[in-house]
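**Q**
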Amino acid sequence: MYGFLIGVGVLLLLSIIWMVYRIQTLVSVVKGSDKKIVTGSNKINAILFVLFLLGFGFLMFWYSIKEFGNYQLPIASEHGVVTDKLFWVTMAVTGVVFLITHVLLFVFPYKYQYREDRKASFYPDNNKLEVIWTAVPGVVLAVLVITGWMAWSDITAPAPEKAHVVEIMGYQFAWEVRYPGKDNVLGDYDYRLITASNSHGVDFTDKNALDDFPSPKVVIPKGEPVLFKIRARDVLHSVFAPHMRLKMDAVPGMPTRFWFVPTKTTAEMRIELNDPEFEYEIACTEICGRGHFSMKKVIEVVEPEAYQKWLAEQKSFIQQNPALAENLPAEMKELAEIQLSESKK
Amino acid sequence: MATASVAHHDAAHHDHHEHEHHDNFITKYIFTQDHKMIGKQFLVTGIFWALIGGFLSILFRLQLGFPDMNLEFLRPLLGGWIDEGGKLDPTFYLALVTMHGTIMVFFVLTAGLSGTFSNFLIPLQIGARDMASGFMNMLSYWFFFLSSVVMFISLFIKTGPAGGGWVVYPPLSALEQAIPGSGLGMTLWLVAMTFFIASSLLGGINYITTVINLRTKGMSFSRLPLTIWAFFLTAVIGLLSFPVLFAAALLLVFDRSFGTSFYLSDIYVAGEALPNTGGSPVLFQHLFWFLGHPEVYIVLLPALGITSEVIATNSRKPIFGYKAMIISMLGITILSFIVWAHHMFVSGMNPFLGSIFMFLTLIIAVPSAVKVFNYLTTLWRGNLIFTPGMLFSIGLVSFFISGGLTGIFLGNSAIDIQLHDTYFVVAHFHLVMGSASFFGLLAGVYHWFPKMFGRMMDARLGYIHFWLTFVGVYLVFFPMHYIGIAGFPRRYYSWTNFEFSNMYTDLNMFVSVAAIVTFSAQFIFLFNFFYSMYRGRKATQNPWRSTTLEWTTPIEPGHGNWPGEIPTVYRWPYDYSKPGAAEDFIPQTVPLSQTPESNLPHEQEQVKLELEIMKEEEEVLVANESKH
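These protein sequence lines map, in sequence, to chains H and W.
Each residue of the first sequence is one higher than the last, beginning at 179 in my numbering.
Each residue of the second sequence is one higher than the last, beginning at 209 in my numbering.
1) Excluding sequence positions up to five away, which residues of its chain have a Cβ less than 8 Å from the Cβ of N705 of chain W?
2) Using 10 angstroms around the beta-carbon of I278 of chain H, count the other beta-carbons present and answer buried if the total reaches 16, otherwise exposed.
3) Per DSSP, what are the beta-bridge partners of R411 of chain H in this structure?
4) In the segment 311–365 of chain W, which residue ranges form an unbroken alpha helix (DSSP H) of at least 4 residues, counting only runs that do not cross its ends?
5) Run through DSSP, which three-state label would T235 of chain W get?
6) Assuming F230 of chain H contacts V679 of chain W under a Cβ cut-off of 8 Å, what Cβ separation, rounded to an integer in Å, is found between them?
7) To the nearest angstrom, report how far apart G181 of chain H and L272 of chain W are at their CA atoms.
8) In the DSSP assignment, the alpha helix (DSSP H) including F404 of chain W goes from what residue to what residue?
9) Can you tell me whether DSSP reads F607 of chain W as helix, strand or coil?
10) Measure the alpha-carbon distance for G371 of chain W versus T761 of chain W and round it to whole angstroms.
11) Could you tell me the alpha carbon to alpha carbon distance between A215 of chain W and F737 of chain W, rounded to whole angstroms?
12) Within 7 Å of any Cβ in chain H, is that where the Cβ of D474 of chain W sits?
13) Buried or exposed: where does M197 of chain H fall if 16 or more other Cβ atoms within 10 Å of its Cβ makes it buried?
14) Do we get a CB-CB distance below 7 Å when we pair D303 of chain H with the residues of chain W?
15) Please name the residues in the segment 244–265 of chain H whose beta-carbon is closer than 9 Å to at least one beta-carbon of chain W, in chain order.
16) Would A387 of chain H count as contacting chain W if we go by Cβ distances under 7 Å?
17) Would you say K786 of chain W faces chain H, with C-beta separation under 7 Å as the test?
18) Please list, in chain order, all residues of the same chain as L251 of chain H whose beta carbon is under 8 Å from its beta carbon, the five residues on each side excluded.
19) Using a Cβ-Cβ cut-off of 8 Å (strictly less than) and excluding sequence neighbours within five positions of N620 of chain W, which residues of its own chain qualify?
20) Taking Cβ to Cβ, would you say T261 of chain H is nearer than 7 Å to A622 of chain W?
21) How is S728 of chain W classed by DSSP in three states: helix, strand or coil?
22) Which residues in the same chain as W548 of chain W place their Cβ atom closer than 6 Å to its Cβ, once the five residues preceding and following it in sequence are excluded?
23) Can a CB atom of chain C be found closer than 7 Å to the CB of R448 of chain H?
24) If you follow the alpha helix (DSSP H) that W497 of chain W is part of, which residue opens it and which one closes it?
25) If I measure Cβ to Cβ from Q562 of chain W and keep anything under 6 Å in the same chain, skipping five residues before and after, which residues do I get?
26) Is DSSP giving H421 of chain H helix, strand or coil here?
27) Tell me, which residues are paired with D666 of chain W by DSSP?
28) Taking only the alpha-carbon atoms, compute the straight-line gap between N278 of chain W and L270 of chain W and give it to the nearest angstrom.
29) Quick one: residues in its chain with C-beta nearer than 8 Å to the C-beta of G695 of chain W, no 5 flanking neighbours on either side, listed in chain order?
30) Should the segment 279–293 of chain H be called in touch with the segment 449–465 of chain H, which here means at least 3 C-beta pairs below 8 Å?
31) Closer than 8 Å by beta-carbon distance: list the chain H residues that pair up with D629 of chain W, in chain order.
32) Roughly how many whole angstroms lie between the Cα atoms of N414 of chain W and F600 of chain W?
33) Comparing C-alpha positions only, which one of W:I255, W:I365, W:L267 sits nearest to G323 of chain W?
34) Would you say Y742 of chain W lies against chain H (beta-carbon separation less than 7 Å)?
35) Step through the CB atoms of chain W and report whether any lies within less than 7 Å of the CB of K511 of chain H.
36) When you compare the CB of Y377 of chain W with every CB in chain H, is at least one pair closer than 7 Å?
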């Protein structure tokens, strides 16, 4: 019944619009306005451009200022301060260009709207102007690029040797985290070794792997360099830690990396934001299938001492599941058993 | 005077047809070799696809704006893609964004824009009877049609259409186990794109050949309208880059079906380790973006060309910096091939490559800036007539600025780390590539509709359409910048899983409402388009008082365009408001020797040469006549 009524309503509305349209067409034919070069609409359109400029300009400034605290995420890494500064410098430069060009673009239509008694000025070219507005953007862009390039080179430079290594592996649809253990060297892995009990495909015949341990979340120390070694098990994923200003694709068959220095512990951030629930998060930013929007991992930034303490408490893969060491060659098995017995003490 | 010449043309037109061939329905409307009809075929197919592509975006905007909405009412259309709870299936959501992208980029803004206007305008504006090869031109459309049919069918299959994003990055697009859309849906996608590429190449070869070889007497490259320059360069870009997409797709087909490992390596999926090793997913990204980035300019350059023409005509002023415009388009053409890896700053490729591509990318901003300044100066001290085409052109310039400036952020690899694959990117390319090109398309339709169908579109409906769309587009895409700066990732079914993105539900709702209103406003255009085709006011021969050649043809030109001789060109296409001239425009066909009152000093010198040439021609003509 409602559907029928809505249908009738829409039909009525359409027929009214139709009538209005026909009437205005006929009126314009009678008035002969269709033979003129411009009609009154020309002025209306010119005015609308100015109104649009004012209205939209106001909306933009109002919302940008009102929402600043919302869309500007707090920064929690050293390089994040640099890239955010670049972002806002670029915003200032492009903002000025945006305003000037748009004021001109929308004021000219008003100012130079058609008048029968005026002729447009014949002004086909001016090489001086062209050179100026080739060179000026060129120079400005060069400055932006060079500062950007310097930041980029620093960010992508090899990680300091003492960086804490964390391996993050993406798969459909979660992340798994592996720590290198005491030796700070991750053991080898091979995707063919992946089983239900060895989801990382860690190769335990490599002795570096014996002290590797998994973790349900990424725990890292504040103020010290951290190196994310990133890989994927099935399709492309991308590690995105928005507060760290960090993003790097996880590529099956090609390990990638990103190093950074976190600057605020989770606890500090909770106080700063007055949000006792706050957590640093990792999200996926490379389309990877049905669960793409739910690949969440928590990062916990702690003080360096707390980090060392946490490290000492962790149990390696082998300790958690001694069965993993069962099929190892004899001498490796021995090493694994020494480790197991050590942990029991 | 004007009516007399029209009547004369009409008479000649009939004569011409009398002793030429008679077209039947099939050869006139279906398997036609007339470039004008082929252009219209591309246009109508493009409009059809734009509606589908737009509708798909409304579906996923419903999900994003109203995540709790019961979508049960869509079940008759989407069937099993609506689950028991009345929610959109997350896999289908990905298929929707994938198909929206594919359709809009390739079927609407490449075929619908370039296909329509290159076909329609090149012969008319350079003074040719038709394309260099009418048959290839016909094939070009029918390959596109075939491609359309295959892509359309893929929307309805059980496992759904391709769902790995329009960039179809493997391994996701190669592994059926990873997403159901990578099964039959992806196969159909690849088949459709193969036909599409064939269509583009056939079209492109034709456009290039026609522009080089079939220009009328006097139509030197320095007298070509900027539209033709744009179409020409677009075709060159397409010809050089589409084959690379074909290669990328072919290798993907091998990986999918024949067990090769071009893109696949070390994969454990669905409880099984695959045998593939040694491939590189990043290789595909390089190949894809080698087309993918030039593709941006394939959709943008024709729109900029159309805008140049429409703005000059309706400002009653020559386009400012004609040569600078050509040089900047040439610059964009060349640079477009060496910036592709800025899509891949965080793909894991060598960061040194990232540095190189950052420098190259920001260079391409310079010619784009030059174009904007030239548009602004063209408006300055003009005598502006706001036809719907002009409004859409001004809108295009606005989008080009807004979206272009955000490109400076994204082209800077350090800033891109945070912004990559967030809504900031979505806002950026929807403005600069999507909306700007779409406005170019609409500007072109409003401007050349009288030439296409011999009737005028209703201007007032055009104004309403423009203002709703222009404001609507900004309301849809501008808020996305805020969401993007906040770090909201693209292609997310929902953002509530994460604390950092668990906000802006109000803004997303607003965007969705704006999108629905903007989409609805397009039906005003549709009505105007089809109604005016049959019942619109009859057009005059040169309704916009324009200088270019297409307006010297009869109101409804037949196959062959000009009933008599093809006109000769004596001047550049932008003699608007020339000092001393009686009218505010001088068509390209008026010899300099006839306008001594408005000639510039250097043109006065050319008059002598022009007279000599005309005299020689006269003699040849007389000699030919006497032979008969």
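A virtual CB, placed ideally from N, CA and C, is assigned to each residue, including glycine.
**A** The answer reads as follows:
1) none
2) exposed
3) Bridge partners of R411 of chain H: none, in fact.
4) 324–334, 342–362
5) helix
6) 7 Å
7) 26 Å
8) 392–421
9) helix
10) 47 Å
11) Residue confidence is low: A215 of chain W scores 40 on pLDDT, short of 50, so the model does not pin down where it sits. No coordinate-derived value is stated.
12) yes
13) exposed
14) yes
15) E245, N248, Y249, Q250, L251, H257, G258, V260, T261, D262, L264, F265
16) no
17) yes
18) P420, H421
19) M566, L570
20) yes
21) helix
22) W497, F498, H501
23) As a matter of chain content, chain C is missing from the structure shown, whose protein chains are H and W.
24) 489–523
25) Gln is not the amino acid found at residue 562 of chain W; the sequence shown has Gly there. Within the same chain, G562 of chain W has close Cβ partners F553, S621.
26) helix
27) None, per the DSSP bridge assignment.
28) 10 Å
29) Q626, T630, F708, S709
30) no
31) S416, F418, K425, T463, E464
32) 29 Å
33) W:I255
34) no
35) no
36) yes
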